[in-house]
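K.L.:
Residue numbers (the UniProt record's numbering), protein chains in the order written: chain A, 1 to 379; chain B, 1 to 379.
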């Protein structure tokens, strides 16, 4: 298990990856310390900030100020907000902007934003001059607990999400838990689905803690810092053991095979479904499917689903607004997902609350039967 | 030093990179064995061949035949020949073609061609699904002795060559020395400049061997296999010691700082100058500059230059056809090169024949004075 170091209201999680190890600093007001934290680790560098049109008006000027105060000159490129920014043409724009500034390999790209910006900026940092320094400043709960840690970067292809990218680790992650208070309730909730995921993977005691403390996590304060730190520590431990997703890292995909299929079936229309909501429904489906296969008791499956419902997350396919899905459509989307290996379907299933495992040999027929039952269920 | 294993007319060089180690098979007729060599290492995979309009008519059908006979189904994408293919839009085409075939991470991209195809296909293999299997089948001397070994992949930016890419190792390199007989004399000579480079870096005995055997290397036969194998072994040893170019790998850039500046000043117009010719002139300049700095005797510098001249390679800036260059233009191109670190100029200089070293602190003024003298020299 990865340690969590506490210092005042903040916590530090170390991702152990040998020469590529790095710290995640988590707490209120971390943004104001960004300049000194970066300058302390890499004096004399310059920075290119990649951000989006939602985040820029809120934090970009402050960010450039604190960098300047620490002696770090920075430029900024502001991309459109939203998933469409994870494209080859936007990647080209970011790369060109960094090269136009004549930044060198020791200089840094900073991602200031949510998962889209982190994935895009990290990919750019990984390929400019075959790899520059990279720093993540995630501004959404989803990015703080999931996408900013672990080094997965990338963009989407017209043929599927995240099909193009590199494994590329940041040198530092700065997670300011105060900035999460500017998120919409829907966006915070969507990120919270990934928080619950860590409990359901292999930490039943964390799941129980969330059942008791979820209101405080949503309200802010020390419980929020604690929750983010525990998620980062959990992800750090998995990543340290399996950096390039050949084995146990796949557990992090709990809820994601069903979730990605639902997002694809909804045409990635965020008015209908955002990623965290897809994961929430996906985790509910994974637990119900595990119950149907006799792996977990109906009681435990219901308990997992109920906590997601308590915080207002969707748990039924029928809760997705718009045209109904068919079994064929969902099965086609599942087959397109990159977690298909040599034609067999891989799912993360569970043997109990917080006892998930990788099941590599699931027959398409069983999945199809299960989904038919779910689609027939009343809303 | 990396071992060379001999087997019949062929030789094998192993690139030692821990879990990412791989073999380079060198010899006549290797192409005909490609299917069995690939299938033996990775049974059951599928392949996407990336090639260009020059190579496709010569070898593509044969390549797909030998793969089919070994049970490997393949698709092919044929790109335009030439440096302009190392672009973001061509990269997008290759990536999309591989994804369209629904290849998985364990399947392979095969680069069948020269350095341009190897760099482009390797980059694509490195980013599709965050890294697929990759096999190099280099068809030029330059690619066999240099670009196919070591894992540097990438494309050009309007702001400079090779500024975008990843370090990504192939799983196998198949260098058929017979296919080199279809190269034009100019192209073979250009590749030979990189062969001479290995001698001049740190193998004076190999340089002497080349002085004696260059005609046989050009004619084909065992000397050609021997030369390619010695170059691959030399490069493999450097790469194994410094995979990501933080230290001694920079020695491989002997002749390249001047060479790249000349290529850029000639607008990458291959009618005026191809890469190997730029490297030949660059190595001549590096030796003369070293002599001017009092590092090497004039006699040794002249001997290095004379061998390049013997095989018909250019060694003077004035031999480049077209408009004359100015010192300012060349200095500007040198400053743009990515081997500039924190504003200091880095050159590979030499203390004797085959005694090159990395000089990181060369003042722009000295370089500028030296180039002024070279530009004044008669053609």
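C-beta atoms are modelled at their ideal positions from N, C-alpha and C, and glycine is treated no differently.
1. Counting only Cβ pairs nearer than 9 Å, list the residues of chain A close to residue 97 of chain B.
2. So residue 165 of chain B contacts chain D; which residues on that side make the cut at Cβ distance below 7 Å?
3. Can the beta-carbon of residue 79 of chain A be found less than 8 Å from the beta-carbon of residue 117 of chain A?
4. Between residue 100 of chain B and chain A, is any beta-carbon pair separated by less than 8 Å?
5. Please compile the residues from chain B whose C-beta is within a distance smaller than 8 Å of the C-beta of residue 157 of chain A.
6. Count the other CB atoms, across all protein chains shown, that sit within 10 Å of the CB of residue 263 of chain A; report buried if there are 16 or more and exposed otherwise.
7. Checking the sheet assignment: what are the DSSP bridge partners for residue 138 of chain B?
8. Checking 8 Å against the spacing of the C-beta atoms, do residue 87 of chain A and residue 115 of chain A come in under that value?
9. Terminal residues of the continuous beta strand (DSSP E) containing residue 14 of chain A?
10. Is residue 29 of chain B closer than 8 Å to residue 178 of chain B when the C-beta atoms are compared?
11. With H, G and I counted as helix, E and B as strand and the rest as coil, what does DSSP make of residue 312 of chain B?
12. Counting pairs of beta carbons, one from the segment 132 to 146 of chain A and one from the segment 185 to 193 of chain A, are three or more of them closer than 8 Å?
13. Do three or more CB pairs link the segment 149 to 163 of chain A to the segment 303 to 319 of chain A at distances below 8 Å?
14. Thinking residue 294 of chain B and residue 239 of chain B are a contact (beta carbons under 8 Å), I'd like their distance in whole angstroms, please.
15. Using the beta-carbon of each residue, which ones in chain A are nearer than 9 Å to residue 17 of chain B?
16. Counting contacts by CB-CB distance shorter than 8 Å, is residue 379 of chain A in contact with chain B?
17. Going along the chain, which residues of its own chain have a beta-carbon closer than 6 Å to the beta-carbon of residue 277 of chain B, five neighbours each way excluded?
18. Taking all protein chains shown into account, decide if residue 219 of chain A is buried (16 or more other Cβ within 10 angstroms of its Cβ) or exposed.
19. Please report the straight-line C-alpha distance between residue 44 of chain A and residue 253 of chain A, rounded to a whole angstrom.
20. With a threshold of 8 Å between beta-carbons, can residue 92 of chain B be considered close to chain A, or not?
21. When the distance is taken between beta carbons, is residue 66 of chain B closer than 8 Å to residue 34 of chain B?
22. At what residues does the alpha helix (DSSP H) containing residue 350 of chain A begin and finish?
23. Compute the distance between the beta-carbons of residue 166 of chain B and residue 305 of chain A, then report whether it is under 8 Å.
24. Counting Cβ pairs closer than 8 Å, one from the segment 4 to 14 of chain B and one from the segment 225 to 240 of chain B, do we hit at least three?
25. Using a cut-off of 7 Å between C-beta atoms, extract the partners of residue 154 of chain B located in chain A.
26. Taking a cut of 7 Å between CB atoms, which residues from the segment 63 to 89 of chain A lie near chain B?
27. Could you compute how far the alpha carbon of residue 373 of chain A sits from the alpha carbon of residue 300 of chain A?
28. Helix, strand or coil: which one does DSSP assign to residue 168 of chain A?
29. Counting only the same chain and skipping the five closest in sequence on each side, list residues whose C-beta sits under 7 Å from that of residue 287 of chain A.
30. Since residue 203 of chain A is in the beta strand (DSSP E), which residue starts that stretch and which ends it?
31. By the three-class DSSP mapping on this structure, what secondary structure does residue 48 of chain A have?
32. When you compare each of B/199, B/267 and B/125 to residue 169 of chain B by their alpha carbons, which one comes out closest?
33. Which term fits residue 267 of chain A, buried or exposed, when burial requires 16 or more other beta carbons within 10 angstroms of its beta carbon?
34. Between which two residues does the beta strand (DSSP E) containing residue 89 of chain A stretch?
35. Under the assumption that residue 259 of chain A contacts residue 241 of chain A (Cβ atoms under 8 Å), give the Cβ distance between them as a whole number of angstroms.
P.N.:
Result, derived from the coordinates:
1. Identification of chain A residues near residue 97 of chain B by a Cβ-Cβ cut-off of 9 Å yields none; the smallest Cβ-Cβ distance measures about 11 Å.
2. Here chain D cannot be found, since the structure's protein chains are A and B.
3. In this structure, the beta-carbon distance from residue 79 of chain A to residue 117 of chain A falls below 8 Å.
4. So yes, residue 100 of chain B belongs to the interface.
5. In chain order: 95, 96 and 99.
6. Flag for residue 263 of chain A reads buried.
7. Bridge partners of residue 138 of chain B: B/113.
8. Taking 8 Å as the Cβ cut-off, residue 87 of chain A and residue 115 of chain A do not qualify as a contacting pair.
9. DSSP places residue 14 of chain A in the uninterrupted beta strand (DSSP E) bounded by 10 to 15.
10. Yes; because the gap between Cβ atoms is below 8 Å, this pair is in contact.
11. Residue state, collapsed to three classes: coil.
12. With the cut-off at 8 Å, the segment 132 to 146 of chain A and the segment 185 to 193 of chain A touch.
13. Not touching, per the Cβ criterion.
14. Actually they do not touch by this definition, with Cβ atoms about 32 Å apart.
15. Residues of chain A passing the Cβ test: none, with the nearest at roughly 15 Å.
16. With a pLDDT of 49 at residue 379 of chain A, under the threshold of 50, the predicted position of this residue should be treated as unreliable, though the coordinate-derived value follows. Residue-level contact by beta carbon fails for residue 379 of chain A and chain B, as no gap is shorter than 8 Å.
17. If the five residues before and after residue 277 of chain B are omitted, its C-beta is found closer than 6 Å to the C-beta atoms of 190 and 314, all from its own chain and listed in chain order.
18. Exposed is the label assigned to residue 219 of chain A, since fewer than 16 other Cβ atoms lie within 10 Å of its Cβ.
19. Between residue 44 of chain A and residue 253 of chain A, the C-alpha separation is close to 39 Å.
20. Interface flag for residue 92 of chain B against chain A is set, since a Cβ pair is found closer than 8 Å.
21. Yes; because the gap between Cβ atoms is below 8 Å, this pair is in contact.
22. Per DSSP, residue 350 of chain A lies in no alpha helix (DSSP H); the unbroken beta strand (DSSP E) holding it starts and ends at 344 to 350.
23. No, Cβ-Cβ distance for residue 166 of chain B and residue 305 of chain A is not below 8 Å.
24. Touching, per the Cβ criterion.
25. Within chain A, the residues near residue 154 of chain B are 130.
26. Going along the segment 63 to 89 of chain A in chain order, one finds 88 with a Cβ nearer than 7 Å to chain B.
27. Rounded to the nearest angstrom, the two C-alpha atoms are 20 Å apart.
28. Reduced to three states, the DSSP call for residue 168 of chain A is coil.
29. Counting only residues of its own chain and dropping the five nearest sequence neighbours on each side, residue 287 of chain A has a CB closer than 7 Å to the CB of 296, 301, 304, 305 and 350.
30. Per DSSP, residue 203 of chain A lies in no beta strand (DSSP E) segment and is marked neither H nor E.
31. Reduced to three states, the DSSP call for residue 48 of chain A is strand.
32. Here the closest residue by C-alpha is B/125.
33. Burial state of residue 267 of chain A is exposed, judged by a 10 Å Cβ sphere holding fewer than 16 other Cβ atoms.
34. Element bounds for residue 89 of chain A: not the beta strand (DSSP E) but the alpha helix (DSSP H), 88 to 100.
35. Rounded to the nearest angstrom, the Cβ distance from residue 259 of chain A to residue 241 of chain A is 23 Å, too far for a contact under 8 Å.
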